[in-house]
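First the structure, in the form of structure tokens, and then the observations on it.
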Amino acid sequence: MEHYTKQTGPGQYKICREFLPALPEDAGGPAADRLGAFERVYEHLAREKETTEKKMEELRKKGRTGSATFRQLMAKKVNLGNMLDTFAIYGIQ
0 MEHYTKQTGP GQYKICREFL PALPEDAGGP AADRLGAFER VYEHLAREKE
50 TTEKKMEELR KKGRTGSATF RQLMAKKVNL GNMLDTFAIY GIQ
């Protein structure tokens, strides 16, 4: 994911100058903080989905596709996928 922001502190961000070309330097404030938070949430969800898929693959290799753990991971993967798909519908990828 290409970030439009850079983190300047806990929960604080600045929008990178190249995405606001009229400004001489990076722009901060509430809008930048919210955009930065969305970027971090998206990346967290994508990493969680990838980790979940890896765990599922390990269980597949062990022949444990019928286990409760596998089914829980499958549900988690579907939920994460749905969240990421919702972001994609609104152009966030």
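Counting from 1, position 4 in the sequence shown corresponds to residue 3 in numbering that gives the first Met the number 0; the numbering is continuous, with no gaps.
Idealized CB from N, CA, C, for every residue including glycine.
Item	Value
Outcome for residue 14 when other beta-carbon atoms lying within 10 angstroms are tallied against a minimum of 16	buried
Rounded distance between the beta-carbons of residue 73 and residue 44, thought under 8 Å	Incorrect: roughly 16 Å between the Cβ atoms, too far for contact.
Chain-order list of residues whose beta-carbon lies under 6 Å from that of residue 75 (same chain, five-residue window excluded)	51
Proximity test, Cβ basis, 9 Å: residue 31 and chain D	In the displayed structure, chain D is absent; only one protein chain is listed.
For residue 88, three-class secondary structure by DSSP	helix
Span separating the alpha-carbon of residue 19 from that of residue 49	32 Å
Distance, residue 63 Cα to residue 10 Cα	41 Å
Within 9 Å, strictly: CB atoms of residue 38 and residue 0	yes
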